[in-house]
Each structure stands twice: as C-alpha cells, then as structure tokens.
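Peer 1: Numbering of the sequence shown is given in numbering that gives the first Met the number 0, commencing with residue 0 and proceeding in unit increments. We put the beta carbon where it would ideally sit given N, CA and C, even for glycine. Please read these numbers as outputs of a predicted model, since none were measured by experiment.
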Amino acid sequence: MVLALVAAACSGDEGATSTPREEPLEVLSGRTEVTTADLGPFAVDTDGMAGPGTPLGGGLQVPDGSLLLGVPFPDLVGKGYRALLLVTGDPVAVFSAVAEQAGGLGMEGDGGCLTVPEGLGCSGRFVDGADGESLTVSALRRVGPAGITSGLAVVYQPPGSQDPGAQPPLPPTPTDAVFPVPLPEGPIEGPDQADVVAAVRDTEGPPRPLEVGSRVVGLPGPCTCDGPGWSFVVELDGVERDVVAAYARQFTDLGEPPDISERLADELTILGVRVGSGSPVAEVRAVLPDSGPAYAIVSYVGE
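#1: Rounded to the nearest angstrom, how far is the Cβ of L119 from that of G220, given a contact under 8 Å?
#2: Measuring only the C-alpha atoms, how far is L287 from R200?
#3: If you drop the 5 nearest sequence neighbours on each side, which residues of the same chain put their C-beta closer than 8 Å to that of S65?
#4: Hey, would you say S101 sits closer than 9 Å to L55, going by beta carbons?
#5: Return the bridge partner residues of Q156 from the DSSP annotation.
#6: What's the gap between the Cα of G301 and the Cα of W229?
#7: Within 8 Å, do at least three Cβ pairs link the region 60 to 79 to the region 279 to 298?
#8: Does the region 184 to 199 come into contact with the region 246 to 261, if we say contact requires no fewer than three beta-carbon pairs (one atom in each stretch) closer than 8 Å?
#9: Relative to the alpha-carbon of P116, which residue among G108, R141, G123, G128 has its alpha-carbon at the smallest distance?
#10: Does R141 come out as helix, strand or coil in the three-state DSSP assignment?
#11: Please name the residue, chosen from L270, V33, T251, S149, that lies closest to M48 on a Cα-to-Cα basis.
#12: S10 by DSSP, collapsed to three states: which one?
#13: Please report the straight-line C-alpha distance between S122 and L139, rounded to a whole angstrom.
#14: Who are the near neighbours of P186 in its chain, counting only those whose CB is closer than 8 Å to its CB and skipping five residues on each side?
#15: Is A198 closer than 9 Å to G146 when the C-beta atoms are compared?
#16: For A98, tell me which candidate among D46, Y155, S149 has the shortest Cα-Cα distance.
#17: Can you tell me which of the three DSSP states S122 falls into?
#18: According to DSSP, is V283 helix, strand or coil?
#19: So what does V215 bridge to, in DSSP terms?
#20: State the CB to CB distance for the pair D289 and E266, rounded to an integer number of angstroms; the pair is presumed to be in contact (CB under 8 Å).
#21: Under DSSP, the alpha helix (DSSP H) around R240 begins and ends at which residues?
#22: Within this structure, are the beta carbons of F178 and T223 separated by less than 9 Å?
Listed below in structure tokens is the structure:
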C-alpha cells in the first residue's frame, strides 16, 4: 500500500456556510499548451490539459513530467483547492518536484515512495509551521490487468488553515523508488466509459460509468484528498448541474445525495456535493466559468 503519512478525510466544505474568499482562484489563466508529443504513450485527447509551468495557486505550478487535468478545483469556502495531474514522466521525480516547491514556500514535512501492488506509490504532507499553510501530495503509477494509472493528486490549504503549533513539521525524507515502474511503449488508451475507475479501484465495488454530457480528461488517478481513494476529471459539455447531479446519484450505495451547494466568485460558479457520511464518501465538485469550458472532479474518499 502507499506509504500512509496522512489519514484525515477531505475537507468538509460542501454545504458550509462560512464567508467565501473575496478573490476567485485564477483557474483558467496562465495555462501552458499541451501537444500530442507531450503525452508520450498516452492516446488520449489533449483538450482540457495544461502543461508544466501552469499555475496551480498558492505559488505552486505544474512540474515537469506531468500535465494538469482540467483546472484546480477551488474549495467552496476559503482559498484552498485540489488538483489532479497526469504523470507522463518519472512519478518519483514529479512528486519530489512538488515537495521541493512546497519547501520553497516555507512548508516542511515528511514524504516518501514505496512499492504498491503492480506499481509505485508516493505520499507526503507539508506544513508551514509559521502560518499553517499546508500541502498534501500523493502519486500513483500502477500497470495492471484492469488498466494503467499514472497520476498525482494535490490538496492545498492556504495560510491560516492549520494550527501552526499543533503538529511541528518533520524534516523532509529522501524519496527513492523501490524499483522503477516504466510506462508501456504505448499506446495507452483512456478508460472504459462503462467503468471509468476500474484501474484505480482498490476494492470490489460497483462500476462508475461516464455520465452523458461529460468527457473524461486524461486518466483517473489517486484521490485529491488527505487519504486513500481515487479521482477523475471530466469536461462538462451537457447541462452542468444535471451532469453533477447524475454523478452524485451514482453513489446512492453510500447514501442519499443531498442538494448541490453553489458559490459565485466573480466570473466563476463553483458547485459541490458530498454523498455519504463517515467513510467512505463521494465528492463531486465543478467549476463553471462565465466563458470557456466547465470541468468537474469526481472523488471516492476512503478505502
């Protein structure tokens, strides 16, 4: 299993009523164009991806060897966000690059990589002891009979989100792979639309199909949360709220889907819904700009 350095569930901002931040995250600006050559062996559509150097927020950016899927997805309350990246290069190098960026911003912590079934996993948490800014990062490269996973998940929380004195940060841990997990020479096709997450699901469970009015961006990857699970990003080309509701209904095995929460931030509308209580839960979050494509991230949080 992936080195378990963090165990908390994703932040529970769906349905929260706190005062939202005043300035929206600039999720659609400064994007680096992606070409087919950047994909390497992945035979997926480049639409909805952004290349290395693309700003994520909080001073972080997409590192070399990876591509941003969709956009960073802001929290409904506060200045935090989550993002999912497709890893085209060495996952250890990509993980280490993000950890180095965190260190450059004053965050310290612990992280590492080790063997997982049929692959390699990395996990780390980094906190600024002075102001409570934090970053959780997980990477997964797995080549198995159900498909290929090669992704990195990021959860960022701005200064003031953590109690600076609660848990003194640990010094960084050297990050070395137990063994390399190269990608096949290709082509690596996108996921099966009838069960998008077959390659990332660790336990038996119902298929999670692609909903009408959406298109998978890249491949599914690790959970954009503070623990185990999985996430995938879709571009919404149907009625956005209806598609978000349809994904929420997929998880009635976890509980009754509540109403969708909504927040306006200048030229962005942010939607969020959480299904279930305790663990596991499912989360769907969408970013709807006044102009340009809309994206959603679907996450299963828990074992």
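Peer 2: If we stick to the structure as given:
#1: With a Cβ gap of about 13 Å, L119 and G220 do not count as contacting.
#2: If you draw a straight line from the Cα of L287 to the Cα of R200, it comes to about 28 Å.
#3: Only P51, L84, L85, V86, T87, G88, V93, L151 meet the Cβ criterion.
#4: Looking at the sequence itself, residue 101 is Ala, so the reference to Ser does not match. No, they are not a contact pair.
#5: Among the bridge pairs identified by DSSP, Q156 is matched with S133.
#6: Rounded to the nearest angstrom, the two C-alpha atoms are 9 Å apart.
#7: At 8 Å Cβ cutoff, the stretches touch.
#8: Verdict: no, contact absent.
#9: If we check each option's Cα against that of P116, R141 comes out closest.
#10: In the structure shown, R141 sits in a strand (DSSP, three-state: E or B).
#11: Checking every option, the nearest Cα to that of M48 belongs to V33.
#12: Reliability fails at S10, whose pLDDT of 40 lies under 50, so the model's placement of it is uncertain and the value that follows must be treated cautiously. Look at S10 here: in three-state DSSP terms it is coil, with no helix or strand label.
#13: Straight-line Cα distance between these residues: approximately 9 Å.
#14: Excluding residues within five positions, the ones whose Cβ falls inside 8 Å are P40, F41, A42.
#15: Yes; because the gap between Cβ atoms is below 9 Å, this pair is in contact.
#16: Cα-wise, what sits closest to A98 is Y155.
#17: Strand at S122.
#18: In this structure, V283 counts as strand in the three-state DSSP scheme.
#19: The partner list for V215 (beta bridge, DSSP) reads V233.
#20: Indeed they touch by this definition, with Cβ atoms about 4 Å apart.
#21: Element bounds for R240: 239 to 248.
#22: Against a cut-off of 9 Å, the Cβ pair of T223 and F178 comes out as no contact.
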